[in-house]
Structure formats: structure tokens, C-alpha cells
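Asker: Before anything else, here's the structure in question.
Chains as they are written, first to last, in this note's numbering: chain A, 1 to 85; chain B, 86 to 170.
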């Protein structure tokens, strides 16, 4: 992996890993009122597009981070449905 | 732009535009308790890495969406500082 790819890899890692404390916080507080449902669905859909982009162009880090993001956004949507108002 | 690039372009657009209703919601509710500060900073940092990746490789859609994301995350961090607990 050359250094430019490392920039993209780190960028993807930071955004995806950042979703973990966010999802965790919603389940801990048992509250998701402030979360926009539009945000969660657009993010889910966006990650699905990026995942297909990664699959088509065989980009491992794009596949990895967007696959993980997809799972985390499913957990966030579930929290929103369960705890949001 | 070939069709693979369109996938990435749409993915970036969806995620970035999804941040708008999320930021809007925080300012409307005047509350950001549920937002994880770790999430906002990691997302900001991740978008900065993607932006530099886009600049280095001259990828217009990566530059565009991550530039916009950076601004939106600054607005989210400001909301968190102002309204979060």
C-alpha cells in the first residue's frame, strides 16, 4: 500500500470507528431522540453505494470500512426505532 | 465520469447530505446530549484525511464531499459544545 492509500485507509478507519462510540452512547442512554432518521438512512445508503464501488474496483479498505459502517448504521437505525421519538 | 465513479460520487453525496438533517436537528432541539464527542472528532479527523487523499490524487468528488463534511462536522462539534452535557 503506498502512502496515498494509507491516507484513505486512515480516513475510512477514523470515520467508521467513530461510529462505535456513537452507537454505544445511544444504547447506553437508551435514547435516540436527537438522532435524525434521515441521517441514518442516507448514511446506510451511502455506505452501500461505497461498498459496491469498492467491490467493483476491488478496493479492500473501501470494502472493509463500508461493510463495517453498514453493520453499525443498522445498529443505529435499530436504536432509533427502539428509543427515538 | 464512468459508472464506477458515479457509485462513489453518489455514496459520498448521500453520507455528506445526510449530515445536514442531523446537524439541523441538534440546533432545532437545542440539545446534543446523545451525540458522542468522540464520534464528532473522529469523523472530523477522518474527513480531513479523506480530503488530503482527494487533494493528493486529484479526485474532485472526494475533495467536494469531504470538504463539505468537514464544515458540517465543525457545526456539529459547536452544537455539542453549546448544547451537549
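Glycine is no exception: its CB is placed at the ideal position from the N, C-alpha and C atoms.
Note down, in chain order, each residue of its chain lying with its Cβ closer than 6 Å to the Cβ of residue 29 of chain A, except the 5 sequence neighbours on either side.
Answerer: none
Asker: By the three-class DSSP mapping on this structure, what secondary structure does residue 117 of chain B have?
Answerer: Correct three-state label for residue 117 of chain B: coil.
Asker: Mind listing, in chain order, the continuous alpha helix (DSSP H) runs of no fewer than 4 residues lying wholly within the stretch 6-61 of chain A?
Answerer: Scanning the stretch 6-61 of chain A for uninterrupted alpha helix (DSSP H) segments of 4 residues or longer gives 37-56, listed from N- to C-terminal end.
Asker: Near residue 40 of chain A, what residues of its chain come up, given a Cβ to Cβ distance below 8 Å and the 5 sequence neighbours on each side ignored?
Answerer: 73, 76, 77, 80
Asker: If we count the other Cβ atoms within 10 Å of its Cβ and call it buried at 16 or more, is residue 147 of chain B buried or exposed?
Answerer: buried
Asker: Kindly list the residues whose CB is nearer than 6 Å to the CB of residue 43 of chain A, restricted to its own chain and excluding five residues on each side of it in sequence; keep chain order.
Answerer: 73.
Asker: Using a Cβ cut-off of 7 Å (strictly closer), state whether residue 137 of chain B contacts chain A.
Answerer: yes
Asker: If the cut is a Cβ gap below 7 Å, which residues of chain B does residue 75 of chain A touch?
Answerer: Listed along chain B, no residue sits closer than 7 Å to residue 75 of chain A by beta-carbon distance, the nearest being about 13 Å off.
Asker: Just checking my contact of residue 69 of chain A with residue 16 of chain A at CB under 8 Å: how many whole Å lie between their CB atoms?
Answerer: 5 Å
Asker: Determine, using beta carbons only, whether residue 106 of chain B comes closer than 7 Å to chain A.
Answerer: yes
Asker: Could you list which residues in chain E have their beta carbon closer than 8 Å to that of residue 64 of chain A, in chain order?
Answerer: Considering every chain present, this structure includes no chain E. Its protein chains are A and B.
Asker: Under three-state DSSP, which class holds residue 67 of chain A?
Answerer: helix
Asker: Report all residues from its chain with a CB closer than 7 Å to the CB of residue 13 of chain A; omit the five preceding and five following residues, and keep chain order.
Answerer: 65
Asker: Checking contacts by CB at 7 Å: is residue 84 of chain A closer than that to chain B?
Answerer: By this cut-off, residue 84 of chain A is not an interface position.
Asker: Considering only the alpha carbon of each residue, which of A/20, A/34, A/26, A/22 lies closest to residue 110 of chain B?
Answerer: A/34
Asker: For chain A, check one thing: does any of its Cβ atoms lie closer than 7 Å to the Cβ of residue 153 of chain B?
Answerer: no
Asker: For chain A, is any of its Cβ atoms less than 7 Å away from the one on residue 100 of chain B?
Answerer: yes
Asker: Going along the stretch 26-50 of chain A in order, which residues come within less than 9 Å of chain B, judged by CB to CB distance?
Answerer: 26, 29, 31, 32, 33, 34, 35, 36, 37, 38, 39, 40, 41, 42, 43, 44, 45, 46, 47, 48, 49, 50
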